[in-house]
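Please read the structure below before turning to the comments.
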Amino acid sequence: MTKTNTQTEIPGISSEQIVLSASRRTDLVACHPDYLIERLEAHPPEKVHTLVIWTKNPHNMIKPGRLRDILSSYSQIYVHLTITGLGKTILEPNIPEWNEIVSMIPNLVEIVNAPERITWRFDPLIEAEKDGTKISNFALFGKIAEQIKKNKLTSCRTSWVEPYKKVIRRLDKKGIKLTILSKEERQIQAKELEAQAENLGMSPTVP
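This is the structure in structure tokens:
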């Protein structure tokens, strides 16, 4: 979990308030909810301007319990909700299928008080191959977007998986070979995603 003093980041807000981010690198909600509870208890809500949560599976924050009770005491929560369409596949075996995550959005909106406080992250886009079979989530974007828009979410961010060494190593262990898209191929995909999102009244951010 990281914190930012709002005096330097958000002019006009009390310098005693902070922005908490939990956590871009680790899904604390899904994987370490007890640790998240412990860290939140160390930061009185009145001292927190905004709590930013990053998760692929918000189940632990919407079910009745200590975490939901604590979250209800914060005045402003913003959620980055990642839904790639790869849940229960070889790439995300421990993540529920995308339609199950989408079904949690109404409860999530109730916690954050407005759908505008949730950004859907379709991230990363991936093209790969295993044993001659293509792996891709590109074609799922429109189907997922239609269901998400029904929950009045309008903000969407996406980017492509990058061939970092650690990414290649992880994929190699699963017998997966990453397909590297050219700049032109990415531009074609980006235009199609933007068109699909805009047709649904969503505001996409595609690099």
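All residue numbers for the sequence shown refer to my numbering, where the first residue is 2 and numbers rise by one.
Ideal placement from N, C-alpha and C gives every residue a C-beta, glycine not left out.
Values in this document were obtained by computation on a predicted structure and should not be read as measured data.
Three-state secondary structure assigned by DSSP to residue i
i, result
"Pro65", "coil"
"Gly88", "strand"
"Arg1", "In the structure as shown, the chain begins at 2 and stops at 208. Residue 1 is therefore absent and cannot be evaluated."
"Val53", "strand"
"Glu199", "helix"
"Val220", "Nothing can be reported for residue 220: it is not among the residues displayed for the chain, which extend from 2 to 208."
"Asp124", "strand"
"Glu98", "coil"
"Ile189", "helix"
"His1", "Not covered by the structure: residue 1. The range shown for the chain is 2 to 208."
"Lys184", "helix"
"Ala146", "helix"
"Ala31", "helix"
"Ile19", "strand"
"Ala140", "helix"
"Leu154", "coil"
"Glu47", "helix"
"Pro59", "coil"
"Glu39", "helix"
Residue burial classification, residue i (beta-carbon count within 10 angstroms, cutoff 16)
i, result
"Ala115", "exposed"
"Pro107", "exposed"
"Pro45", "exposed"
"Ile78", "buried"
"Ile189", "exposed"
"Ala198", "buried"
"Pro205", "buried"
"Thr9", "With a pLDDT of 44 at Thr9, under the threshold of 50, the modelled position of that residue is not reliable, and the figure given next carries that caveat. Exposed is the call here."
"Ser76", "exposed"
"Ser104", "exposed"
"Ser74", "exposed"
Given residue i as reference, the closest of the options once Cα atoms are compared
i, options, result
"Glu128", "Leu182, Val168, Gly143", "Leu182"
"Asp124", "Arg69, Leu194, Ile63", "Leu194"
"Asn58", "Tyr36, Glu185, Leu29", "Leu29"
"Leu126", "Ala191, Ser160, Ile177", "Ser160"
"Val207", "Asn200, Leu201, Arg187", "Arg187"
"Ala196", "Lys131, Glu147, Ser76", "Glu147"
"Trp99", "Arg158, Asp132, Glu163, Gly88", "Gly88"
"Ile96", "Ser76, Arg158, Ala31", "Ala31"
"Leu179", "Arg26, Met2, Glu130, Asn200", "Glu130"
"Ala43", "Glu117, Ile169, Thr3", "Thr3"
"Gly143", "Lys192, Lys184, Arg25", "Lys192"
"Asp132", "Thr120, Lys48, Gly176", "Gly176"
"Glu117", "Leu92, Val20, Ile145, Cys157", "Cys157"
Beta carbon of residue i nearer than 8 Å to that of residue j
i, j, result
"His50", "Gln18", "yes"
"Val110", "Asn152", "yes"
"Arg122", "Thr83", "yes"
"Ile38", "Arg69", "no"
"Leu72", "Ile112", "yes"
"Gly86", "Leu141", "yes"
"His81", "Trp55", "yes"
"Lys150", "Gly202", "yes"
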